[in-house]
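K.L.:
For the record, the sequence lines run as chains F and Y.
Each residue of the first sequence is one higher than the last, beginning at 3 in our numbering.
Each residue of the second sequence is one higher than the last, beginning at 2 in our numbering.
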Amino acid sequence: GAVVSQHPSRVICKSGTSVKIECRSLDFQATTMFWYRQFPKQSLMLMATSNEGSKATYEQGVEKDKFLINHASLTLSTLTVTSAHPEDSSFYICSARDQGGDSHYTDTQYFGPGTRLTVL
Amino acid sequence: GDSVTQMEGPVTLSEEAFLTINCTYTATGYPSLFWYVQYPGEGLQLLLKATKADDKGSNKGFEATYRKETTSFHLEKGSVQVSDSAVYFCALSDYGGSQGNLIFGKGTKLSVKP
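1. Under DSSP, the beta strand (DSSP E) around G58 (chain Y) begins and ends at which residues?
2. Answer yes or no: do I23 (chain F) and L122 (chain F) have a C-beta to C-beta separation smaller than 8 Å?
3. Using a Cβ cut-off of 8 Å (strictly closer), state whether L111 (chain Y) contacts chain F.
4. What three-state label does DSSP hand D125 (chain F) in the structure shown?
5. Count the other CB atoms, across all protein chains shown, that sit within 10 Å of the CB of R12 (chain F); report buried if there are 16 or more and exposed otherwise.
6. Over what stretch of residues does the beta strand (DSSP E) that includes F35 (chain Y) continue unbroken?
7. Please report the distance separating the alpha-carbon of T27 (chain Y) from that of R26 (chain F).
8. Tell me where the beta strand (DSSP E) around F63 (chain Y) begins and ends.
9. Report the residue from Y:G106, Y:V83 and Y:F105 whose alpha carbon sits nearest the alpha carbon of S15 (chain Y).
10. Taking C-beta pairs closer than 8 Å, name the residues in chain Y that P115 (chain F) reaches, listed in chain order.
11. K107 (chain Y) versus chain F: which residues are under 9 Å apart at the beta carbon?
12. Roughly how many angstroms separate the alpha carbons of T77 (chain F) and M35 (chain F), rounded to a whole number?
13. Determine which residues of the region 59-90 of chain Y have a Cβ less than 8 Å from any Cβ of chain F, and write them out in chain order.
14. Tell me whether E24 (chain F) sits in a helix, a strand or coil according to DSSP, three-state version.
15. Per DSSP, which one or two residues make a beta bridge with S94 (chain Y)?
16. Within the 8 Å Cβ cut-off, does G98 (chain Y) reach chain F?
17. Beta carbon of D3 (chain Y), beta carbon of P32 (chain Y): below 8 Å?
18. Using the Cβ count rule (16 or more neighbours within 10 Å means buried), how would you classify T71 (chain Y)?
19. Pick helix, strand or coil for V81 (chain Y), following the three-state DSSP scheme.
20. Whose Cβ in chain F lies nearer than 9 Å to the Cβ of N23 (chain Y)?
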């Protein structure tokens with residue numbers, strides 16, 4: 003199946019610094035990628051939808067100036083956590099939408115392995 | 002709005018036991034339905050999917066049938082293994098929308114004991 007990678011897999015940073023997380027679709031092109039946040043023992047919370055060549059769409063309550071998203075190519079989206087604080091520590095997961103052809107039946111999201119962010 | 006409800010865990014089974022994880026949904030359109038699995042410390046992996054009523058998704062011994070009349074997509078496996086221990090998420094996506102966002106259930110943790 004389709005493969006999505008994330009880098010780094012784990013990052014520890016000091017409070018006040020910025021961290022960039024990359025999400026790549028390795029064997030397909032993705033005009034749409036999604037960024038999720040997962041708290042311990044909880045489900046995934048959609049943070050934003052990243053569209054290639056246009057501005058991201060943020061979910062209600064997500065600060066767009068704090069979580070900067072750039073989707074500059076059909077295989078790469080980045081999430082930058084600016085001025086990180088301990089409360090930003092979490093597991094961040096991206097997904098990429100493989101729309102295949104025009105058929106509704108091939109439209110599937112594939113997930114990256116996640117990035118564990120710890121802010122000290 | 003659209004939503005997914007799945008049985009709360011944790012579910013603890015012995016190896017070779019039968020597994021059912023219930024999932025029901027609410028949607029205004031004609032959603033596609035998915036089961037994702039998350040192993041400890043990892044991201045989500047697509048386990049199976051179904052895109053229309055009466056479709057059966059299957060993979061690795063797991064099955065789920067899209068039941069429109071009961072708005073359900075229950076996950077089943079006839080004989081679980083220790084390696085099946087993970088968190089299972091039911092999800093839907095109404096691709097009639099422009100983004101194809103996934104809406105997840107809260108997840109069900111499965112522990113299989115030898």
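The beta-carbon is built from N, C-alpha and C at its ideal position, and this holds for glycine as well.
P.N.:
Quick look at the numbers:
1. Working through the second sequence from its first residue, we reach residue 58 (chain Y) at position 57. Counting along the chain, G58 (chain Y) sits inside the beta strand (DSSP E) bounded by residues K57 to N60.
2. Numbered from its first residue, the first sequence carries residue 23 (chain F) at position 21. Numbered from its first residue, the first sequence carries residue 122 (chain F) at position 120. At a Cβ-Cβ threshold of 8 Å, I23 (chain F) and L122 (chain F) do not count as neighbours.
3. Taking the first residue of the second sequence as 1, we reach residue 111 (chain Y) at position 110. Not an interface residue.
4. Examination of residue 125 (chain F) is not possible in this model, given that chain F is present from 3 through 122 alone.
5. Counting from one through the first sequence, the residue named residue 12 (chain F) turns up at place 10. It counts as exposed.
6. Position 34 of the second sequence, counted from the first residue, corresponds to residue 35 (chain Y). Start and end: S33 to Q39.
7. The residue labelled residue 27 (chain Y) in the question sits at position 26 within the second sequence. The residue labelled residue 26 (chain F) in the question sits at position 24 within the first sequence. Distance between the alpha carbons of T27 (chain Y) and R26 (chain F): 32 Å.
8. Walking along the second sequence from the start, residue 63 (chain Y) turns up at place 62. Looking at the DSSP string, the run of the beta strand (DSSP E) that includes F63 (chain Y) is F63 to T66.
9. Here residue 15 (chain Y) refers to the residue found at position 14 when the second sequence is read from its first residue. Measuring from the Cα of S15 (chain Y), the nearest candidate turns out to be Y:V83.
10. Working through the first sequence from its first residue, we reach residue 115 (chain F) at position 113. Neighbours of P115 (chain F) in chain Y, taken as residues whose beta carbon is under 8 Å from its own, are E43 and G44 in chain order.
11. In the second sequence, the residue the question calls residue 107 (chain Y) occupies position 106. Taking the beta carbon of K107 (chain Y) as reference, the chain F residues within 9 Å of it are Q44 and S45, listed in sequence order.
12. Position 75 of the first sequence, counted from the first residue, corresponds to residue 77 (chain F). Position 33 of the first sequence, counted from the first residue, corresponds to residue 35 (chain F). Near 9 Å, if we compare the C-alpha coordinates of M35 (chain F) and T77 (chain F).
13. So the list reads F90, given in the order they occur along the chain.
14. To locate residue 24 (chain F), count along the first sequence from 1; it is residue 22. Here E24 (chain F) sits in strand by DSSP.
15. In the second sequence, counting from the first residue as 1, residue 94 (chain Y) sits at position 93. S94 (chain Y) pairs with Y:S33 and Y:L103.
16. Taking the first residue of the second sequence as position 1, residue 98 (chain Y) is located at position 97. Confidence at G98 (chain Y) is low in this model, with a pLDDT of 47, below 50, so the placement of that residue is unreliable and no value is reported for it.
17. Within the second sequence, residue 3 (chain Y) is the residue found at index 2, counting from 1. Within the second sequence, residue 32 (chain Y) is the residue found at index 31, counting from 1. The criterion of a C-beta distance shorter than 8 Å is satisfied by D3 (chain Y) and P32 (chain Y).
18. If you number the second sequence from 1, residue 71 (chain Y) lands on position 70. Taking a 10 Å sphere around the C-beta of T71 (chain Y), we find fewer than 16 other C-beta atoms and assign the residue as exposed.
19. Locating residue 81 (chain Y) in the second sequence gives position 80, counting from the first residue. In the three-state DSSP reduction, V81 (chain Y) falls in the coil class, being neither helix nor strand.
20. The residue given as residue 23 (chain Y) occupies position 22 in the second sequence. What N23 (chain Y) touches in chain F: nothing, since even the nearest Cβ is about 16 Å away.
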